[in-house]
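Here is the structure we will look at, set down as structure tokens.
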Amino acid sequence: SGAIAFTYLNQKRGNGAYVAVASNTLLTAHITGQGALNYTDFTPLATLAMTPMLITVHPSLPVHSLKDLIALAKSQPGKLDFAISGTGGMTHMVLELLRSSTGARLQTVPYKGATPALTDTLAGHVQGMVEAFPALSPLVKQGRLRGIAVTSEKRNPLLPDVPSAAEQGVRDLVTVNWFGMVAPARIPRPIAEKIHGGLVKIPSQPDVKERFDALGLVPMTMATPEAYGNFIKSEIARWGKVAQSAGIKPQ
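Here the numbering used here is used: position 183 in the sequence shown is 168, and no number is missing along the way.
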């Protein structure tokens, strides 16, 4: 799991020989206190890609937009169940942000991972699910789930009929699920900058870009490792407020 990988990385020397892929999972673990690791245990190197979260509902639900979902949730407070793949993760955070920014009284149902959450959503045992775009977009294309929003400024080309949160007037919901590379703490700055210089070239490579496009990923690079570090800090501040407001406790 990610926690095992980051624990292993944290035990290694900061000489550039050991790096790991990081995502929002790292910062939500920091925020919710899951495990002993936190942001300061690592050196940010470079971001690589981002993707929106995809908000979906079971096709049987008479909902085709965020407006519909919000209205239905307000008329039936606490009656609409949304699956989340664990307490304190990004799916949980996004749903809490949706609730706090719109007043929609959605009920979160935590599962031990995305697979059982998705299984129950497809079976109609819960009314909806939020997950990273690549995980749910094929099921929306197949008609097994209905996409009602992507949490981005613009629509994703892979699902052009699914409107963005921004165009539906819920700008507070605009967020991305990002991916980057980190190294152990205290890695010498020249080594971090050298690795950064190589990593930021990867998303523009034709074969990588083709794969990104197929998955619904968007290249995401920053000028320096420090810029990436500042971005992580801003994300921790944002989602920390969401967690505190929602009463999400350390696990």
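Glycine included, every Cβ here is placed at the ideal spot set by N, Cα and C.
query: Count the other CB atoms within 10 Å of the CB of P62; is the residue buried (16 or more) or exposed (fewer)?; result: exposed
query: Which of helix, strand or coil does DSSP assign to E116?; result: strand
query: Between which two residues does the alpha helix (DSSP H) carrying D105 extend?; result: A99 to A108
query: By the 10 Å Cβ neighbour count, where 16 or more other Cβ atoms means buried, how is S50 classified, buried or exposed?; result: exposed
query: Give me, in chain order, the residues of the same chain whose beta-carbon lies closer than 6 Å to that of V193; leave out the 5 immediate sequence neighbours on both sides.; result: I187
query: In its own chain, which residues sit with a C-beta less than 6 Å from the C-beta of E220, not counting the 5 before and 5 after it?; result: L12
query: Below 8 Å between beta carbons: does that hold for L30 and H181?; result: yes
query: Do you know offhand how far A212's Cα is from A231's?; result: 29 Å
query: In chain order, what residues of the same chain have a beta carbon less than 6 Å from the beta carbon of A21, not counting five sequence neighbours either side?; result: In this prediction, A21 has a pLDDT of 49, which is less than 50 and means its spatial position is unreliable; nothing more can be read from the coordinates.
query: Reducing DSSP to helix, strand and coil, say where A21 ends up.; result: Note that A21 has pLDDT 49, beneath the 50 cutoff, so the model's placement of it is unreliable and no number is given.
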